[in-house]
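For the sequence shown, the numbering used here gives the first residue as 408, with consecutive numbering after it.
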Amino acid sequence: MKCEAPPLVVSGALVKQESSYFFKGVPFTGVAIFTESGVVVSKKQFFNGEILGDYNFPYIDIKGLELLDSIIDEKWDGNLQLFHEGKPFNGVVYEIAYDWLCDVRCIIEGWELDGLSQHFQKHDCYSELIYGAGPIQYEYIWNEPSVLSYYKVKVQAGDKRSLKLSFNKENKLRGIYIYKSIDDIFSLNAKVDDSPLKITSFSDIKKLLSDNVIELSLQDVTDVKFTELLPSLLEFPVNTLLVSNISWGVLYELKKHAWLELEELSFHHLVNLTLDEVISFRNDNFKKVKILYKLKLY
């Protein structure tokens, strides 16, 4: 559950002594980008001061010019657009801070391309990674090199359905969040090689559990999809269930299955029933479960 990256620096920060390269007095292990007048001409990988060869970013397909942000012009007209030599820029922009590479952005016609970026807030790991793989897009956020805090996969076309997982500081699963449905998401994930986190079934998600309870969010999920998903989700120790819409269909499905850990049911909209009817149904079928509606507990 980690995607460590080597330290990334500009070549000017390296000091060559005889045949070895040093960074801050230590033989350099990592990647250096070499530039000429702000244009990136190569990226080299180093180990213990020695050049190993060229380096490519593992998740971003780089096309076009590669430039440092120092030679990029910005214009703001409601949104930020990037220009180079008076024209909207096409290519990759590298942001440098104190000799470290901290941001890689893919740009088309001056606009940052959604789904292709990497942000390095720490120098030994991807702290945020967004990339596309065919019809799906991934987003990862790490708190520490080995502590994943957020994972999301979404289908980029159609209904934008998605699956998101969140984790606590102990690397334990904290929540499962489904938008619309997860149709095809597991099978699409299975076709993607070298993912930092490989999720191809609910069984893969169960492996991320510990002894803690989690929250489950089903947003814009129809009654039909709710019925389809519930048997698999009942295997998880859910203490908080969040749904966009509460309906008789959702309530009857919950009544059918005993969810022993469930403590709270939260929803945004009532569909063909009243709050009093929801509370009455709760009182008759799962008395210990609290109802949260419009920020009020019942």
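Built from N, CA and C at the ideal position, the CB exists for glycine as well.
Item                                                                                        : Value
Between the CA atoms of residue 503 and residue 429 - distance to the nearest angstrom      : 19 Å
Cβ pair count under 8 Å reaching 3, the region 605-613 against the region 541-557           : no
Contact under 8 Å by Cβ, residue 644 with residue 621                                       : yes
As assigned by DSSP and simplified to three states, the class of residue 518                : strand
8 Å Cβ cutoff, residue 610 in contact with chain C                                          : Here chain C cannot be found, since the structure has a single protein chain.
Inside the region 478-520 only - alpha helix (DSSP H) runs reaching at least 4 residues     : none
Bridge partners - residue 461, DSSP secondary structure assignment                          : 451
Residue 694 in three-state terms, based on DSSP                                             : coil
Alpha-carbon to alpha-carbon, residue 497 and residue 642                                   : 48 Å
Beta-carbon proximity of residue 560 to residue 585, cut-off 8 Å                            : no
CB of residue 599 within 8 Å of CB of residue 540, strictly                                 : yes
C-alpha distance - residue 674 paired with residue 594, whole-angstrom precision            : 30 Å
Rounded distance between the beta-carbons of residue 462 and residue 450, thought under 8 Å : 4 Å
Three-state class that DSSP yields for residue 655 in the structure shown                   : helix
Local conformation of residue 663 per DSSP, three classes                                   : helix
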